[in-house]
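Participant:
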Amino acid sequence: MTDKTWGGARPGSGRKPADPKDKRVQMVITIDRETRDRLKAMAKEQHVRVGRLIDEWVNGTFYI
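Using the working numbering, read the sequence shown as starting at 159 and increasing by one per residue.
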(Lines of atoms letter the chains of each structure in order from A and count residues from 1; the text may use other names and numbers.)
(Lines give C-alpha, C1' and ligand atoms only; values in the text may rest on other atoms or scores of the structure.)
Protein backbone atom coordinates (compact mmCIF):
# COMPACT_ATOMS: atom_id res chain seq x y z
CA MET A 1 0.00 0.00 0.00
CA THR A 2 1.29 3.48 -0.84
CA ASP A 3 1.38 6.42 1.57
CA LYS A 4 -1.36 8.97 1.02
CA THR A 5 -0.12 12.48 0.30
CA TRP A 6 -3.49 14.24 0.27
CA GLY A 7 -5.65 15.53 3.10
CA GLY A 8 -4.65 16.63 6.56
CA ALA A 9 -3.39 19.95 7.90
CA ARG A 10 -1.58 22.37 5.62
CA PRO A 11 0.84 25.07 6.76
CA GLY A 12 -0.74 28.53 6.76
CA SER A 13 -4.31 27.30 6.49
CA GLY A 14 -7.11 28.14 8.87
CA ARG A 15 -8.31 31.23 10.65
CA LYS A 16 -5.61 33.70 11.63
CA PRO A 17 -5.45 34.72 15.32
CA ALA A 18 -7.27 37.93 16.20
CA ASP A 19 -5.33 40.97 17.33
CA PRO A 20 -5.61 41.00 21.17
CA LYS A 21 -6.70 44.67 21.16
CA ASP A 22 -9.65 43.78 18.88
CA LYS A 23 -10.74 40.82 20.98
CA ARG A 24 -14.35 41.02 22.22
CA VAL A 25 -15.87 39.42 25.31
CA GLN A 26 -19.37 38.21 26.08
CA MET A 27 -21.53 39.67 28.81
CA VAL A 28 -24.95 38.49 29.91
CA ILE A 29 -27.46 41.05 31.16
CA THR A 30 -31.17 41.07 31.85
CA ILE A 31 -33.21 43.95 30.44
CA ASP A 32 -36.84 44.69 29.55
CA ARG A 33 -38.08 43.41 26.20
CA GLU A 34 -38.86 46.94 25.11
CA THR A 35 -35.28 48.00 25.89
CA ARG A 36 -33.92 45.11 23.85
CA ASP A 37 -36.19 45.97 20.95
CA ARG A 38 -35.12 49.62 21.04
CA LEU A 39 -31.43 48.67 21.16
CA LYS A 40 -31.86 46.33 18.20
CA ALA A 41 -33.72 49.01 16.21
CA MET A 42 -31.06 51.64 17.00
CA ALA A 43 -28.26 49.25 16.02
CA LYS A 44 -30.03 48.43 12.78
CA GLU A 45 -30.38 52.13 11.94
CA GLN A 46 -26.64 52.61 12.53
CA HIS A 47 -25.74 49.39 10.63
CA VAL A 48 -23.83 47.99 13.63
CA ARG A 49 -24.42 45.21 16.10
CA VAL A 50 -25.87 45.93 19.54
CA GLY A 51 -22.49 45.39 21.23
CA ARG A 52 -20.81 48.00 19.01
CA LEU A 53 -23.67 50.42 19.66
CA ILE A 54 -23.18 50.03 23.42
CA ASP A 55 -19.39 50.45 23.03
CA GLU A 56 -19.93 53.71 21.14
CA TRP A 57 -22.47 54.97 23.67
CA VAL A 58 -20.23 54.20 26.68
CA ASN A 59 -17.17 55.74 24.95
CA GLY A 60 -19.11 58.89 24.10
CA THR A 61 -18.98 58.50 20.33
CA PHE A 62 -22.71 57.76 19.92
CA TYR A 63 -25.43 59.95 21.32
CA ILE A 64 -28.99 58.78 21.80
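Glycine included, each C-beta is placed from N, C-alpha and C at the ideal position.
What you are looking at is a predicted structure, and each value in this text was computed from that prediction instead of being measured.
1) So, with DSSP's three-state summary, where would you put Val216?
2) Excluding the 5 residues flanking Gln197 on each side, which residues of the same chain have their C-beta closer than 7 Å to its C-beta?
3) With DSSP as the reference, label Arg191 as helix, strand or coil.
4) Going straight from the alpha carbon of Arg194 to that of Pro175, what length do you get?
5) At a Cβ threshold of 7 Å, is Asp177 touching chain C?
Facilitator: Considering the structure as presented:
1) helix
2) As written in the sequence, residue 197 is Leu, which differs from the Gln given in the question. Val208, Leu211.
3) helix
4) 31 Å
5) In the structure shown, chain C cannot be found, because there is only a single protein chain.
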